[in-house]
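As structure tokens, the structure follows; a few thoughts come after it.
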Amino acid sequence: MESKGLNAGTPINGLPMELLAEIFLYVKASGRPPIYNARWRDVLRVCRHWFVVGTGTPRLWSQILVGRSLDDLHNSLARSQGIPVDVCLLPYGIAHGLPLTCVVPIIAPHVHRLQCIRLDTI
């Protein structure tokens, strides 16, 4: 994808998309265990080009943390594009109005690619 706009001329946007995706994977893996590291998503807000690269990199979406909203679950399942996924259900989400019965029908069509599903604490 060719960058347009204010960030088009920055050197990092001249990198191949695959290399930029690898950098994003490195950012995600740094710090806390990757499944709990939602801060890596800040890179998606830098510019449109980075958003497109990040959302189009399935490995970035293969570890899914389900908290108080099902939005991340829906987005991550779609963006992971059929690769194997790990799903972690946080008890505070279930305890605060997100019933497990809402999660199961969303995950069910993807059960063939679940590597791990667990109920966890942070």
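Using the working numbering, you'd call the opening residue of the sequence shown number 8 and step up by one each time.
All C-beta atoms in this analysis are idealised placements derived from N, C-alpha and C, irrespective of residue type, glycine included.
For D93, the enclosing beta strand (DSSP E) has its first and last residue at 92 to 96. Annotation: I113 to T64 spans about 21 Å, alpha carbon to alpha carbon. When DSSP states are grouped into helix, strand and coil, C109 belongs to the helix group. Straight through space, the alpha carbons of A115 and Q122 are spaced by roughly 13 Å. Short of 6 Å from the beta carbon of V118, and not among the five residues preceding or following it, lies no beta carbon of its own chain. The stretch 18 to 81 is shown to contain whole beta strand (DSSP E) runs of 3 or more residues at 70 to 73, in chain order. Around the beta-carbon of H81, fewer than 16 other beta-carbon atoms lie within 10 Å, marking it exposed. Less than 8 Å divides the Cβ of L32 from the Cβ of R66. Between the beta-carbon of R120 and that of V92 there is about 6 Å, and that keeps the pair under the 8 Å contact cut.
Within its own chain, no residue has a Cβ closer than 7 Å to the Cβ of D78 once the five positions on either side in sequence are excluded. The Cβ atoms of W68 and S87 sit closer than 8 Å to each other.
Boundaries of the beta strand (DSSP E) harbouring R125: 121 to 126, taken from the DSSP string.
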